[in-house]
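Input: a single structure, listed below in structure tokens.
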Amino acid sequence: MALVSLVFAVGLLAGIAVTSVDMSALTASAHATQAGQDEPLVSPTEARERDFYAPNSETLAPDEMRIIACGTGMPYTRPAQAAACFLVELGNGDKFIFDIGSGAAERISAFGIPYDYLDKVFIGHLHGDHFGDIGALFVGGGVGGRHVPLRIWGPSGTTPELGTAVAIDHMEKMYAWDIAGRLGQTDIRGFTTEVHEFDYRKEQIIYDENGVVIWSFPAIHSIDGSVSFSLEWKGLKFVFGSDTYPNKWFVKHAKNADLVVHECFIAVPDLVAKLRLTPEAALQVGTQIHTAPEAFGKVMSMVEPRHAVAYHFFKDHDTTGPILERIRTTYDGPLSLAEDYMVWNVTKDKITERMALINEHVWCPPMASPAVAPDPNDRVGYSPEIEAGRLDVDDVIRPIYEEASEALGREFAYPEK
Ligand SMILES: [Zn+2]
Ligand SMILES: [Zn+2]
């Protein structure tokens, strides 16, 4: 019994879902000891069921939802955690990105998903830690095989300059040189955006395609213009909070949902000790702009989700315990303390949580649609001054064209200078 309690407590501290604590191994072990049998409990040669998620290794069932934490951290960048980003994959093939904070595009790439399928991004608010990597997905996806526009949904602001449409328009302008430099060199059809800015004040459906309905509803964070989202599909409901002070709209829309992701900020003492905020700033940021752990718990006790997910804190050995203790003063339901690469599979019957093991040296995913060859006439080219600086390396470059022509049985003309 003491051992069972210990496993349970360790599970809690590690942020493992309470519901996923598995006693069967202990039971099997006890039986074996009692029987004194010689037969091994596991085969020395046969593969066992994986207890982690390996990208591109599991087919999603037609009624299954997979949610991947691609960013769970904060505006302070760190290798261990990207900033806010949750990727939702549905059994009908649709995929949705909720927030894309700084560092998140790298995490998304780890899953090897063709970029044509990563064309829908929902931004909850325009803090850098929630949309700072939109440019990395725009460019990285554009060169990586996205041949369709990047579709972006995001809130309006109190003035046009504070809204999503202006922000994305400026992002594209920021990449003017990047895009001009690719004209006629590669397939750049993916270097376009389709922006859907919606009224942040309304509770409304902002997406309704292919059996998937996404709602936006107001959040309270920093200034006007933050929202939260819910996604409904085949009787399953995923809710994503972006950033917010506890609010009535979230409780209403998240009530009894299947997987509910809500921010949970670092406890005030650690904001002072580790982030070196003044006590005044720590209290303001940690309890008024964001959701303190105790308040996160209170929200979840009202929401009563099948499974609650807390994110938006640096999850370390010395921060996890205090955050969990504070949450548990107000919420005793199923809970994950999220970290990057945590994966949930959700069906009507079951919610499982695992960590993904990823390949840090992953290359581009396969393309979902064929690339088209560039038209040399589209190239911007160089001024005579820069053109004149070329060294003569034709003798070593020309054979590369000949090698390609021979290998592929087509004639690749060497460029005229
Ligand atoms: Zn924020
Ligand atoms: Zn944030």
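Everything in the sequence shown is counted per this note's numbering, starting at 21 for the first residue and increasing by one. Beta carbons: idealized from backbone N, C-alpha and C, even for Gly. Remember, it's a predicted structure, so these values are computed and weren't measured experimentally.
- Rounded to whole angstroms, D415 and I378 show a C-alpha spacing of 42 Å.
- Looking from the CA of V366, the closest CA among V168, L251, K140 belongs to L251.
- Every alpha helix (DSSP H) stretch that sits fully inside the region 160-209 and reaches 4 residues is listed by chain position as 184-194, 196-200.
- Distance from the CA of P238 to the CA of F218, rounded to the nearest whole angstrom, comes to 11 Å.
- Separation of the CB atoms of V323 and K275 is rounded to 6 Å, and the pair is thereby assigned contact status at 8 Å.
- Of G317, P60, V271, W269, the smallest CA-CA separation from A287 is found for G317.
- According to the DSSP secondary-structure assignment, L251 is paired through a beta bridge with I234, F258.
- Secondary structure at M387: coil, using DSSP grouped into helix, strand and coil.
- Here the alpha carbons of G91 and A104 stand approximately 4 Å from one another.
- Look at S248: its beta carbon is at least 7 Å from all of the heavy atoms in ligand 1.
- C-alpha of D189 to C-alpha of D139: approximately 17 Å in a straight line.
- With 5 Å as the limit, the residues whose C-beta approaches a heavy atom of ligand 1 more closely than that are H147, D263, in chain order.
- Out of H282, R430, A196, D360, the CA that lies nearest to the CA of F131 is found in D360.
- A direct Cα-to-Cα measurement between T178 and S248 gives close to 17 Å.
- Using a Cβ distance threshold of 8 Å, Y135 and R86 do not count as a contacting pair.
- Taking the CA atoms as reference points, L107 sits about 17 Å from D83.
- DSSP, reduced to helix, strand and coil, places A293 within a helical segment of the structure shown.
- Pairing P180 with G245 gives a Cβ-Cβ distance that is not under 8 Å.
- If you keep only unbroken alpha helix (DSSP H) runs of at least 4 residues inside the region 272-324, you get 288-293, 299-303, 313-323.
- Ranked by Cα distance from L110, the first of G93, A102, A89, T79 is T79.
- Going by beta carbons, I208 and G162 fall inside the 8 Å limit.
- When the beta-carbon positions are compared, T97 and S122 come within less than 8 Å of each other.
- Beta-bridge analysis with DSSP links K437 to no other residue.
- With 16 or more other Cβ atoms inside 10 Å of its own Cβ, D263 counts as buried.
- Each of E373, T340, D198, D336 was checked against the Cα of P354, and the nearest Cα belongs to E373.
- DSSP places H150 in no beta strand (DSSP E) but in the uninterrupted alpha helix (DSSP H) bounded by 148-151.
- Counting only unbroken stretches of 3 or more residues, the beta strand (DSSP E) elements lying wholly within the region 337-392 are 355-357, 362-366, 371-375, in sequence order.
- Contact between R410 and Y434 does not hold, since the beta-carbon distance rounds to 14 Å and is not under 8 Å.
- A distance below 6 Å between beta-carbons, with the five flanking residues on each side excluded, links K254 to the following residues of its chain, in chain order: D83.
- Per DSSP, L428 lies in no beta strand (DSSP E); the unbroken alpha helix (DSSP H) holding it starts and ends at 414-428.
- When DSSP states are grouped into helix, strand and coil, R127 belongs to the helix group.
- If you compare the alpha carbons of I347, I225, G144, P385 with that of I243, the shortest gap goes to G144.
- In the DSSP secondary-structure assignment, K335 is not bridged to any residue.
- In the DSSP assignment, I87 falls within the unbroken beta strand (DSSP E) covering 85-91.
- Under DSSP, V108 shares a beta bridge with I87, F116.
- Per DSSP, the continuous alpha helix (DSSP H) segment holding E405 begins and ends at 404-407.
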